[in-house]
Structure formats: C-alpha cells, structure tokens
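Just so you know, the protein sequences line up as chains X and U, in that order. Each residue of the first sequence is one higher than the last, beginning at 1 in full-length UniProt numbering. Each residue of the second sequence is one higher than the last, beginning at 1 in full-length UniProt numbering. Heads up, the thing below is written out as structure tokens.
2 protein chains.
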Amino acid sequence: MHERIWANWQDFVGKLDIYPMIRPYLETSQITIHEVPAKTCISNAADEGYRIVYILQGSVKVVSLTYRGIRILLDEIGVGSFSGHISRMRGYSFDANIIAETPCVYLEFPDQLFCQLMENPAFALEFYRSTSSRTYQMYRKVFSLTLFTAEENTAMYCLMHPARLQSYTLDEICEEIGISRRSLCYVLKKWRKEGILKGKEKRDRIADHEQLMQIAEHIRQFYDIP
Amino acid sequence: MHERIWANWQDFVGKLDIYPMIRPYLETSQITIHEVPAKTCISNAADEGYRIVYILQGSVKVVSLTYRGIRILLDEIGVGSFSGHISRMRGYSFDANIIAETPCVYLEFPDQLFCQLMENPAFALEFYRSTSSRTYQMYRKVFSLTLFTAEENTAMYCLMHPARLQSYTLDEICEEIGISRRSLCYVLKKWRKEGILKGKEKRDRIADHEQLMQIAEHIRQFYDIP
C-alpha cells in the first residue's frame, strides 16, 4: 500500500526543500506516506504525542471542541505545510482534532524522529518558517472572537464567503465562525427582520450589502479588508 | 549617553547567542542600546514599522487597546527575548503598545537591518526559537477569553495571583485578565454576595478558596494547572 502511494509521490517529495534532510528516513520507512479520503480524522485530541504531518495533497482542518460543546475551526492547512499537535511541543494543548477536508496525501513523522530533525538547524528553520506565520493567523481569528460580537464576526464571515449561507449547514457555519448555534440563529433572525437577509433558512441571501458592511466596519479594519 | 550605557552592557551583550551576528552593527551603532525608566512607552500602536527590540534588563508589557476601549495584556516579555510589532512582519497588526513595566535596557533594530539579519539562517533560527513558544502562550490567553466566561477567567487570575486583588487597581486587573471593568465589577460583587470574597473593594481577600477552585475547574484543565 505505502509503496504504491510512494511510487506516485516520489518525484514531488524529491523537490521539497526538506527532502535532503528527511531522505534517509523516507528510505528506511521511518517517515511514512499516507493517503486518506475526505472527512478522515488524521489525529484527534485524545491521541498522545505531536503527530506531526506534512501535507502533500489536499487540505486539513484543525478543529477544537470546547468545554461548552462549541466546535471552533482553529486553522486550515494546505499543501506544503506542517500540521499536527504542534502547540504540544511547546507545552500547550488546545485539544484539537485534525480532519482531512478533502482527500489528502501526507507524510507522517514519528515523535522521536521529529524531535531529532528539529536539532538540525536547516530543518528547524524550514519548520518555523512554515508554521510561524500561521500562528499569527490563528491568533487573529481567536482574538477577533474576543474583540467583536457574534454579529460582527458573522457579518465578516458573510462578506468573506457570501455563498456559504446557502451551501453550508448551520453547524458548519458556526464551526467556521467559532460561535454557538444559538448565537448564529439569533443573528440570522435579527438580520431577516432588518431586511439584511431575504429568504428562509438555508435559502438566505444577502439583500442589503451596505448594512452588512456597516456592521462589519470595525472588524474589517482589524482584518485590514476595505 | 549611548556610550555610557554601552560600557555597562558590553560584557553581557558579548555573551549573547546572537552577538556574533549583530556585532558589526553594534560597532557602527546601527543597532542602538537604550535605557528607559518604568512606564515608558517603547513603541505605540500608531508607530510605523516593526520596531524590534531585544530586552537586556527588565520586562515589557504588550498591551492592545480594543475598539470597545478595553485594554488587553497580550504578552509580557523579559530578559533575553525579542519584542516589537513582530506580527506586522507577517502582515498582521494587533494595534499593540509596548510599555516598559520596570526600568529597561534594550537593543533596538532598525527595520531594514532587521530584515537583512533575518536572511541569515542562524539569526532567523534564534529569533524563531525565542518568539515561537510565546505566540502559543499569547494564543492560549486570548483563546481562554473566548472559551470561558469572565467569571471563570477572573477565578483563574485570582488563583494564579492571590495578592493582586489587594495590591492592584481594578483597571490593572481588568487589563491583565482582558475583560471590561464592568464585567470585573459584576463578578466581584457576585463573589462578595456568595461569600467567596470578604472585605470591601480594594480590601478583597479570598475567603472561600474551595469555591473559587470549583468555578475555575474547566479553565484550570485548559491551563493544565491542578
């Protein structure tokens, strides 16, 4: 199984910046290659260890299930990036589940080998370059949930992804925004009353773009989006 | 002025891991050394650029003033660490003010020179090592404001810093927790009623430690504190 996938991906992996550093461990199968269908849980919060992966194809979602039962999308990671319980390496744990959003192909690093690779300055630098920018993106997302109301966050989401009101379920939208279903329903109901949305649930479309822009005024500044 | 400070700090700076890389720029005074009293604003949100500093003595607070007028302590940085508008290097801005908490001595890097140093893998690695762990700490702090109520966050704060209820002003406590003054007053009033606190404002002391521990049950798990 691994060999068949490997045959397809050998050329691609050979061109990665990290290839010279990981090559010996690929050859001895200490670093393994995996192919999973969409919606597979690559690693869940209960798993021990770091479970570091490097995405070769597709994208994964990092989702945290909070004590109040709300699911929050923390991060979305695509080709050419590391994922896993990276915060655990630093002694933090955000109880995240890593779920394949699309069919995925990825490399998996055993914990001990990964720590050993991090002793190599060239590998460590590649790893930090790949992950450091994303931690700021994750930070901005969570910070905006503290700084702005559920309505402002929902307005921002609708401006960024106008089609999702129709194509996503309420649960999916809640998870992507990071608010409770109750808060989302309250906001949508309010907007229908105010004429910002037209149509029934699941058929909502934005009828008053101007007003939505106004609600999102401060959060747009925060996201630096005109 | 700079020369007098420099004479005192030359030995200390000479032992830093980054010294071999920054030495030529210290000698030509492109990297400058500064000594400031407590409460000095080292850089405010309105300043342009990255304003990267490296702390040699004392500690600084990174404080964001939100659109709702709430001040949130994002980070506290001590000796041997970088600070500045680091997130701006990644295209994010959290409108932070960097304020000396104690008397401070620090090195200041002009933006262009800092970018040039980041091209040096050895310097970049030192920088990432110093900053990457802290971004997770900042993340946890802000995430906990989303995950938990003002009461839970206040309970956690009181458990971590039991003396501050008496020695800090309400404004200082709000800023450190990251909640509004109104929320804090509401929580303290509730706790006085429930007998968790005894004494009047500014003389509050924890009278029912057990109940505080119970309020903070989930947030203690999140912070991994027994």
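All C-beta atoms, glycine included, are put in the ideal place defined by N, C-alpha and C. As the structure is a computational prediction, the values presented were derived from the model and not from experiment.
Taking the alpha-carbon positions, what's the residue i to residue j distance?
{"i": "U/Arg181", "j": "U/Glu175", "result": "9 Å"}
{"i": "U/Ile5", "j": "U/Arg134", "result": "28 Å"}
{"i": "X/His85", "j": "X/Ile225", "result": "30 Å"}
{"i": "U/Asp111", "j": "X/Ser87", "result": "29 Å"}
{"i": "U/Phe120", "j": "X/Ala124", "result": "Note that residue 120 of chain U is Asn in the sequence shown, not Phe. The alpha-carbon atoms of U/Asn120 and X/Ala124 are separated by roughly 14 Å."}
{"i": "X/Gln221", "j": "X/Met213", "result": "11 Å"}
{"i": "X/Met102", "j": "X/Lys15", "result": "Residue 102 of chain X is actually Thr in this sequence, not Met. The alpha-carbon atoms of X/Thr102 and X/Lys15 are separated by roughly 23 Å."}
{"i": "X/Ile70", "j": "X/Ile219", "result": "22 Å"}
{"i": "X/Gln137", "j": "U/Gly199", "result": "43 Å"}
{"i": "X/Asp140", "j": "U/Asp95", "result": "For the record, residue 140 of chain X in the displayed sequence is Arg; it is not Asp. Cα to Cα, the separation comes out at about 12 Å."}
{"i": "U/Leu107", "j": "U/Val79", "result": "11 Å"}
{"i": "residue 241 of chain X", "j": "U/Pro24", "result": "An answer regarding residue 241 of chain X cannot be provided, because it is not within the stretch 1 to 226 covered by chain X."}
{"i": "U/Met156", "j": "X/Ala207", "result": "44 Å"}
{"i": "X/Met160", "j": "U/Glu35", "result": "45 Å"}
{"i": "U/Leu52", "j": "X/Tyr128", "result": "Just to set this straight, residue 52 of chain U is Ile in the shown sequence, not Leu. Looking at the two C-alpha atoms, the distance is approximately 19 Å."}
{"i": "U/Ile215", "j": "U/Asp47", "result": "41 Å"}
{"i": "X/Trp9", "j": "X/Met89", "result": "28 Å"}
{"i": "X/Thr169", "j": "U/Ala163", "result": "48 Å"}
{"i": "X/Phe148", "j": "X/Arg68", "result": "19 Å"}
{"i": "X/Ala7", "j": "X/Gly195", "result": "56 Å"}
{"i": "U/Asp171", "j": "X/Asp11", "result": "59 Å"}
{"i": "U/Ile72", "j": "X/Ser43", "result": "33 Å"}
{"i": "X/Lys189", "j": "X/Ile179", "result": "15 Å"}
{"i": "X/His209", "j": "X/Ile177", "result": "19 Å"}
{"i": "X/Cys185", "j": "U/Cys185", "result": "30 Å"}
{"i": "X/Thr146", "j": "X/Leu26", "result": "43 Å"}
{"i": "X/Phe109", "j": "X/Lys193", "result": "52 Å"}
{"i": "X/Glu217", "j": "U/Glu217", "result": "37 Å"}
Measuring CA to CA, which of the options is closest to residue i?
{"i": "X/Val63", "options": "X/Gly49, X/Cys41, X/Gly78 and X/Leu145", "result": "X/Cys41"}
{"i": "U/Ala150", "options": "U/Leu170, U/Asp171, U/Gln137 and U/Val187", "result": "U/Val187"}
{"i": "U/Thr28", "options": "U/Glu3, U/Val36 and U/Leu165", "result": "U/Glu3"}
{"i": "U/Gln30", "options": "U/Thr169, U/Arg192 and U/Gln116", "result": "U/Gln116"}
{"i": "U/Asp17", "options": "U/Ala38, U/Val53, U/Glu126 and U/Met160", "result": "U/Glu126"}
{"i": "U/Ile173", "options": "U/Lys190, U/Trp191 and U/Asn153", "result": "U/Asn153"}
{"i": "U/Gly58", "options": "U/Tyr157, U/Ile77, U/Ala216 and U/Ala163", "result": "U/Ile77"}
{"i": "X/Phe114", "options": "X/Arg164, X/Gln211, X/Thr66 and X/Tyr50", "result": "X/Tyr50"}
{"i": "U/Ser83", "options": "U/Ile99, U/Tyr168, U/Arg68 and U/Arg203", "result": "U/Ile99"}
{"i": "residue 251 of chain U", "options": "U/Ile33, U/Thr66 and U/Leu56", "result": "Since the first and last residues shown for chain U are 1 and 226, residue 251 of chain U lies out of range."}
{"i": "X/Ile55", "options": "X/Val105, X/Ile72 and X/Asp47", "result": "X/Val105"}
{"i": "X/Ile33", "options": "X/Glu48, X/Val13, X/Asp47 and X/Ser43", "result": "X/Val13"}
{"i": "U/Ser132", "options": "X/Asp47, X/Ala7, X/Tyr92 and X/Tyr19", "result": "X/Tyr92"}
{"i": "X/Asp204", "options": "X/Val60, X/Thr146, X/Gly178 and X/Ser167", "result": "X/Ser167"}
What three-state label does DSSP hand residue i in the structure shown?
{"i": "X/Glu217", "result": "helix"}
{"i": "X/Ala96", "result": "strand"}
{"i": "U/Ile70", "result": "coil"}
{"i": "U/Asp75", "result": "strand"}
{"i": "X/Gly82", "result": "Reading the sequence as shown, one finds Phe at residue 82 of chain X and not Gly. It is a strand residue."}
{"i": "X/Glu25", "result": "According to the sequence provided, residue 25 of chain X is Tyr. The question's Glu does not apply to it. Three-state result, X/Tyr25: helix."}
{"i": "X/Tyr168", "result": "coil"}
{"i": "X/Leu65", "result": "strand"}
{"i": "U/Ser183", "result": "helix"}
{"i": "X/Ile18", "result": "coil"}
{"i": "X/Ile42", "result": "strand"}
{"i": "U/Thr131", "result": "helix"}
{"i": "U/Thr149", "result": "coil"}
{"i": "X/Glu121", "result": "Per the sequence shown, the amino acid found at residue 121 of chain X is Pro instead of Glu. X/Pro121: helix per DSSP, three-state reduction."}
{"i": "U/Ile225", "result": "coil"}
{"i": "U/Gln30", "result": "coil"}
{"i": "U/Glu175", "result": "helix"}
On the DSSP bridge list, what partners appear for residue i?
{"i": "U/Glu35", "result": "U/Val105"}
{"i": "X/Ile206", "result": "X/Leu197"}
{"i": "X/Gln137", "result": "Per DSSP, none; premise fails for X/Gln137."}
{"i": "X/Lys190", "result": "DSSP, once it has assigned bridges, lists no residue as partnering X/Lys190."}
{"i": "U/Val53", "result": "U/Ser83 and U/Glu108"}
{"i": "residue 227 of chain U", "result": "Because residue 227 of chain U is not part of the residues shown, which for chain U are 1 to 226, the question remains open."}
{"i": "X/Val60", "result": "X/Ile77 and X/Ala100"}
Skipping 5 residues on each side, what residues in its chain have a beta carbon closer than 6 Å to that of residue i?
{"i": "X/Pro37", "result": "Pro103"}
Run the proximity test for residue i: is its beta-carbon closer than 6 Å to any non-hydrogen atom belonging to the ligand MN?
{"i": "U/Ile42", "result": "Absence of the ligand MN from the depicted structure is noted, as is the absence of any ligand whatsoever, leaving it without description."}
Going along the chain, which residues of its own chain have a beta-carbon closer than 7 Å to the beta-carbon of residue i, five neighbours each way excluded?
{"i": "X/Trp191", "result": "Leu197"}
{"i": "X/Met21", "result": "Leu117, Asn120, Ala122 and Phe123"}
{"i": "X/Ser183", "result": "Ala150"}
{"i": "X/Cys158", "result": "Leu165, Ile206 and Leu212"}
{"i": "U/Tyr19", "result": "Val13"}
{"i": "U/Ser130", "result": "Ser81 and Phe82"}
{"i": "U/Val60", "result": "Ile42, Ile77, Ser83, Ile98, Ile99, Ala100, Glu101 and Cys104"}
Which same chain residues end up closer than 8 Å to residue i when comparing Cβ atoms and leaving out the 5 residues on each side of it in sequence?
{"i": "X/Leu74", "result": "Val62, Val63, Ser64, Phe94, Ala96, Met138, Lys141 and Val142"}
{"i": "X/Tyr223", "result": "Arg140, Ser144 and Met156"}
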